[in-house]
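Data block below; observations after.
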Amino acid sequence: MATGPSPHYFYVMTLPPAFPLPQPAPAPLPAATRLAYVLRHFHLAYDSVPEVSIGYEETAVVRLEDASGGFFSGQAPYPPAPQWRDWCGTRLPFFFSPPVEAPLLHLPAGRAFIGPDLISAAFYLLSGWQEYFSAERDQHGRFPYAASVQKQYGFVTLPLVNYYFDVLRAAVEHVTGQPLRPRRWGPAQAAFAGFITHDIDTIHGGWGTRIRSQLHQGHLPRVVQTLLYKAAGRPSPWNNLEEVQEATTKQGAPSTFFMLGSQQPASNGTLNADYDLTAASMAARLRKLAARGAEIASHASYGTATTPGRLQAERQRYGLPAPTGNRFHYLCWEPRITPQLVAGAGFRYDSTLGFAEHFGFRNSYCHPFFPFDFEQGQALAFLELPLNVMDATLHHPNYLQLSAPQIMPALQPLFAEIEKFGGLTTLLWHNDHFDPANDVTGPRQFAEIMTHLQQRGAAFLTGSQIVAEVWTC
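Under the UniProt record's numbering, read the sequence shown as residues 1 to 473, first letter to last.
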């Protein structure tokens, strides 16, 4: 649990020429715009929110003070330091609090007064303001975790917007006398949901990994057998889409496969797919996976997140029906370009927004949300299914470097936060991590995570099923 600010450091990467950073849209964003965007998501987070006036006006039944101080009229990426307060036993940072500390929640008869400006704070985090107006990018053109307020103040594993909504929930319950229940998921009305995804970057690999593992274990006969399999042209260890689906199905969940749409390497040499999505044999496999309950989605290739026209053209390579969901290769996302490309390509959802460097909440929110269009001053017409946990994040030498016994203790508090607010757990486990040779972030660790989520009562859904539930609310 975060208890206060942690040391903060920034690093600035000069963008490669292939990723020129456009100028941000001009401010300001008026209070009415921020209020409408935030309240739309508040209503999606709970079942049957009653109509009650919430805002900055004197006549509002649930009233806040606009403490943004002109921040949203400028282009500064970072707000003043937050005030730290306790809410229901959790120490939380409250951005845009008045300089003189007011009660967090004052509840006279028939009215409610909230001290911090929760609307501005929730808008700042949920809209991705910091990364839109920051010029800091890493070698892949991504906004880096090291430059985020989540890193600066140590709350990446807290869905802070949901905590802000919880304060607002208490205010609404007081003035209406009607209890609010977090949204429920699936036919069984589960308390939270799980979205189990697999990015398929490569299928023609894994021989070297398997041989090294067998040598390390001293299994020389198995090494010989593996070499013979390879020489005979057997399918490689990572050519395992059916095994991935079977492992996920055993845990009671459907798989959503994000398939790369291009074999062409990016202009900087970064590899894309090592398989042909349009080959008859691959198309037949994908149809069988879909017939068994999987969803086939777009894993847009490296470079599509910043190049107009490419994403839409790549989506057409999947045939009909075209995929409704997308996640960008390498989690590439340029906030000044990418959201409009996703909307323009016709996708109903995206699931890119998570920090590669750390598990948690990039937008400090554990529910699906509509990304904000800074140019038009309104929500875009597709849902973001935020990414919480990626296998590579947990052990990659550039990231957290957790050992196998450290993974579940690190993730359980995160899952508890999602369950608390009736949110969505999005898990990314690549197909190559289902190789038994991987004993750190491999099939055993995947099964441990899935067993935990299953025992906690998660409703496992595909991306399209999630969209269908949220969009009808």
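Where a beta carbon is used, it is the ideal one built from N, C-alpha and C, also for glycine. Small disclaimer: the values here were computed from a predicted structure and weren't measured.
According to DSSP, simplified to helix, strand and coil, what is residue i?
| i | result |
| --- | --- |
| E295 | strand |
| Q189 | coil |
| H367 | coil |
| Q401 | coil |
| P182 | strand |
| F133 | helix |
| L383 | strand |
| G55 | strand |
| D350 | strand |
| M390 | strand |
| I337 | coil |
| H395 | helix |
| S48 | coil |
| Y275 | coil |
| P323 | coil |
| V470 | helix |
| T209 | helix |
| Q225 | helix |
| E357 | coil |
| A25 | coil |
| Y78 | coil |
| R287 | helix |
| P17 | Low confidence applies here, because P17 scores a pLDDT of 40, under 50, leaving its location unreliable and the question unanswered by this model. |
| P235 | coil |
| T202 | coil |
Would you say the beta carbon of residue i is closer than 7 Å to some non-hydrogen atom of the ligand FMN?
| i | result |
| --- | --- |
| G233 | This structure lacks the ligand FMN, and indeed carries no ligand of any kind. |
Please report the straight-line C-alpha distance between residue i and residue j, rounded to a whole angstrom.
| i | j | result |
| --- | --- | --- |
| Y349 | S53 | 30 Å |
| P7 | A300 | In this prediction, P7 has a pLDDT of 31, which is less than 50 and means its spatial position is unreliable; nothing more can be read from the coordinates. |
| L220 | A322 | 47 Å |
| S236 | I196 | 23 Å |
| A190 | R184 | 5 Å |
| Y132 | Q340 | 13 Å |
| L414 | A231 | 45 Å |
| R85 | A379 | 30 Å |
| D435 | P265 | 25 Å |
| S281 | R287 | 10 Å |
| M408 | Y365 | 21 Å |
| A121 | I114 | 13 Å |
| S68 | D117 | 7 Å |
| A146 | L35 | 29 Å |
| F155 | V161 | 11 Å |
| A290 | I200 | 15 Å |
| E136 | F355 | 14 Å |
| D276 | L428 | 22 Å |
| A294 | E57 | 49 Å |
| Y11 | Q23 | Any reading at Y11 is ruled out, since the residue's pLDDT is 36, under 50, leaving its predicted position unreliable. |
| T462 | T426 | 10 Å |
| S134 | A381 | 24 Å |
| W129 | S213 | 45 Å |
| F72 | L125 | 13 Å |
| N431 | E469 | 28 Å |
| Y163 | L215 | 50 Å |
| Q263 | G319 | 16 Å |
| I418 | G194 | 10 Å |
May I ask you to list the residues that DSSP assigns as paired with residue i?
| i | result |
| --- | --- |
| T197 | T256 and L428 |
| W87 | T90 |
| I114 | L64 and L105 |
| A300 | F328 |
| A459 | A193 |
| M282 | The partner list for M282 (beta bridge, DSSP) is empty, contrary to what the question assumes. |
| D373 | Q378 |
Looking at the unbroken beta strand (DSSP E) that takes in residue i, where does it start and where does it end?
| i | result |
| --- | --- |
| F421 | Careful: F421 lies outside any beta strand (DSSP E) and carries neither H nor E. |
Start and end of the alpha helix (DSSP H) containing residue i?
| i | result |
| --- | --- |
| F42 | A31 to A45 |
| F446 | P443 to Q455 |
| N162 | L160 to T176 |
| Q263 | Per DSSP, Q263 belongs to no alpha helix (DSSP H) and is neither H nor E. |
| L241 | L241 to K250 |
| R310 | R310 to R315 |
| Y153 | V149 to Y153 |
Check whether chain D comes within 8 Å of residue i, counting only Cβ atoms and requiring the distance to be less than that.
| i | result |
| --- | --- |
| D138 | Included in the structure is just one protein chain, with no chain D present. |
- Message: Would you call the stretch 245–262 in contact with the stretch 437–456, where contact means no fewer than 3 C-beta pairs closer than 8 Å?
- Response: yes
- Hey, is the stretch 383–398 in contact with the stretch 353–371, meaning 3+ C-beta pairs nearer than 8 Å? yes
- Query: Between the stretch 98–108 and the stretch 158–175, are three or more C-beta pairs nearer than 8 Å?
  - Reply: yes
- Is the stretch 24–33 touching the stretch 77–87, taking contact as three or more C-beta pairs under 8 Å? no
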